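Note sheet for the following structure.
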Amino acid sequence: MASLDDIVALTAAIEARVEAGDWPGAATLDGQRRTLLADLLSARPGGLDRTARSVLEELLARNRATLARGEQERAAVGAALQALAQSPAALRAYGRAAADPAPALAGSTPP
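My numbering puts the first residue of the sequence shown at 948, with every later residue one more than the last.
Below is the structure:
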């Protein structure tokens, strides 16, 4: 049976993955957490006690904060992509740099 402690631990692990920028890892852990939540709720057909509800409400607030962070990061990435798409010169420079594995530095001579 899933324990509330396991769900809290997974929430902390998800937050750590998000902090590290590992969104796929966070999503994997979230899937595990969802399974544990479903198990927890199905194991208590009479409902949760006040303490469990309080813990889950705190986890819900933390989850909402994590989702808000994801939305902020998605918006930032979208803005960066839009800026790149609107800058053909930057795209050409990126293409040249990607094609040349060892670009010469200004003022240097090749080995």
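We put the CB at the ideal spot given by N, CA and C, even for glycine. Owing to the predicted nature of the structure, the values given are computational and were not obtained by experimental measurement.
Whole-angstrom distance between residue j and residue i, CA atom to CA atom
| i | j | result |
| --- | --- | --- |
| V1024 | G993 | 45 Å |
| Y1041 | R1000 | 52 Å |
| L983 | A1032 | 42 Å |
| S1034 | A967 | 30 Å |
| L995 | V955 | 16 Å |
| D1047 | A1036 | 17 Å |
| A1045 | R981 | 41 Å |
| R1021 | Q979 | 23 Å |
| L1028 | R991 | 47 Å |
| V1002 | D952 | 10 Å |
| L988 | T998 | 14 Å |
Classification of residue i by the beta-carbon crowding that lies within 10 angstroms, buried from 16 upward
| i | result |
| --- | --- |
| T958 | buried |
Sequence-distant residues of its chain with Cβ nearer than 8 Å to residue i (five each side left out)
| i | result |
| --- | --- |
| L1038 | L1031 and A1032 |
| T1013 | I961, E962, V965 and A973 |
Other residues of its chain near residue i: CB distance less than 7 Å, five sequence neighbours each side excluded
| i | result |
| --- | --- |
| D977 | I961 |
*Check whether the region 963-982 touches the region 1013-1026, taking contact to mean three or more Cβ pairs, one atom from each stretch, closer than 8 Å.*
The region 963-982, when compared against the region 1013-1026, does touch it at the 8 Å Cβ threshold.
_Using a Cβ distance threshold of 8 Å, determine whether the region 948-965 contacts the region 999-1012, with at least three qualifying pairs required._
Between the region 948-965 and the region 999-1012 there are three or more inter-stretch CB-CB distances shorter than 8 Å, so the stretches are counted as touching.
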